[in-house]
Amino acid sequence: MPMNRRTFAAAGLACAGVPAWAQPSWPSRPIRIITPSPVGVGSDLFARQYAERLTHALGVAVLVENRPGAASVLGTDAVAKAAPDGYTVLFSTSNPFTMTPFLLKKLPYDAQADLQPVTQALRGGSFIVANNAFPARTIGELIARAKAAPGKISYASYGPGSTAHLGMELVQDAAGIELLHVPYKQGAITDVIGGQVMLGFEPPVSALPHIRAGRLKVLAYTGGQRSAAAPEVPTVAETLPGVEVLTWLGFWVPAKTPDAVVQRLYREVTAINNSPEMRKYIADQGLEPAPATPQETAAVVRKDAEVMGRLIKAKNISLD
Numbered sequence: 012m013p014m015n016r017r018t019f020a021a022a023g024l025a026c027a028g029v030p031a032w033a034q035p036s037w038p039s040r041p042i043r044i045i046t047p048s049p050v051g052v053g054s055d056l057f058a059r060q061y062a063e064r065l066t067h068a069l070g071v072a073v074l075v076e077n078r079p080g081a082a083s084v085l086g087t088d089a090v091a092k093a094a095p096d097g098y099t100v101l102f103s104t105s106n107p108f109t110m111t112p113f114l115l116k117k118l119p120y121d122a123q124a125d126l127q128p129v130t131q132a133l134r135g136g137s138f139i140v141a142n143n144a145f146p147a148r149t150i151g152e153l154i155a156r157a158k159a160a161p162g163k164i165s166y167a168s169y170g171p172g173s174t175a176h177l178g179m180e181l182v183q184d185a186a187g188i189e190l191l192h193v194p195y196k197q198g199a200i201t202d203v204i205g206g207q208v209m210l211g212f213e214p215p216v217s218a219l220p221h222i223r224a225g226r227l228k229v230l231a232y233t234g235g236q237r238s239a240a241a242p243e244v245p246t247v248a249e250t251l252p253g254v255e256v257l258t259w260l261g262f263w264v265p266a267k268t269p270d271a272v273v274q275r276l277y278r279e280v281t282a283i284n285n286s287p288e289m290r291k292y293i294a295d296q297g298l299e300p301a302p303a304t305p306q307e308t309a310a311v312v313r314k315d316a317e318v319m320g321r322l323i324k325a326k327n328i329s330l331d
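Here it is, written out as structure tokens:
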């Protein structure tokens, strides 16, 4: 075949180890954000806020796909097994990385080896809430009543090994009390309001509307400092020094995703968090931005996993 200038140039590039045809720059097609939450619950609400803003920032459609179930294993596994090309992203709480590996003996993926963090995007504590008929108004009063009636005061969680379960275990250990754990498969806040169970351990997004409407009383906030969304509510640490339970949400991608893609996602999420509109939305939900580099996020995962791993083993909690 006669070699004109174009074919000669292509042949020369190929011989030099450079592809003859440049690969399209990322992103060039739609991106999926997979979240392990059902539609309208938990991380899904924020995932949709980020998807809308990332669509504008990246110039391609960013779509949310819900994969709830199996303690977040289904959604996390879908991302762990996806191609490491930046087109499949996980948005989740840290639980699949800091709790689930200790709660299940066998996982279809290795949380540390098969996924890599992009950024810790958001964080916040939870509210310990009570049915309005419950006599205690503070953590101190709850502790006194629980000591007088060990194992009689019930609290609801989102199931064994959930943040609510483990968080209340930390509170019980620090206070030297015993509460009655009532696990639910889904949210139990309706039963707390109705009085079927006395206490709940709820994230701001589900607790604040009921607190503000007077349907629940609030005893304490589990963050390190008072929530900007409810500054009148004391922290647990004001009564039990050192007790802090934070939930955080972040982005992950499959391992071996190109660093340029990871860094671009990190920069775009950080820019979104810094926008006045998103900052207001985050604050209204009772959370705060948690800007962290991929390396910083990995360090947070390791630290949280160490703490939660010890607690889970000490309490012999298992989902198997």
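Quick note: the sequence shown uses the working numbering, first residue 12, plus one each step.
All C-beta atoms in this analysis are idealised placements derived from N, C-alpha and C, irrespective of residue type, glycine included.
Source: prediction; values computed, not measured.
In this structure A82 touches L330 by the C-beta definition: roughly 6 Å separates them, less than 8 Å. In the three-state DSSP reduction, I222 falls in the helix class (H, G or I).
Taking C-beta separations shorter than 6 Å and ignoring five residues to either side along the sequence, the partners of G235 in its chain run E255, following chain order.
Counting only runs of 3+ residues, the beta strand (DSSP E) found wholly inside the segment 111-169 occupies 126-136, 138-141, 165-168, in chain order.
A Cβ-Cβ separation of about 7 Å places I139 in contact with L210 under the 8 Å criterion. Counting along the chain, the unbroken beta strand (DSSP E) around K228 starts and ends at 228-232. Straight across, the Cα-Cα distance linking Y120 with G172 is about 19 Å. Residue ranges of uninterrupted alpha helix (DSSP H) with 4 or more members, entirely inside the segment 270-314 and ordered along the chain, are 270-285, 287-295. Burial state of N77 is buried, judged by a 10 Å Cβ sphere holding 16 or more other Cβ atoms. In this structure V75 does not touch A94 by the C-beta definition: roughly 19 Å separates them, more than the 8 Å allowed.
For E249, there is no enclosing alpha helix (DSSP H), as DSSP marks it with neither H nor E. For E213, the enclosing beta strand (DSSP E) begins and ends at 210-213.
Distance from the CA of W263 to the CA of L227, rounded to the nearest whole angstrom, comes to 35 Å. A89 and K324 have their alpha carbons spaced roughly 27 Å apart. If you look at P107, you'll find it in the alpha helix (DSSP H) that goes 106-109. Excluding five sequence positions before and after L181, the CB atoms of its chain that fall closer than 8 Å to its own CB belong to V254, V256, L322, given in chain order. DSSP, reduced to helix, strand and coil, places V75 within a strand of the structure shown. Pairing V312 with A58, the inter-Cα distance amounts to about 20 Å. By the Cβ rule, the segment 125-133 counts as touching the segment 297-312, because three or more pairs are nearer than 8 Å.
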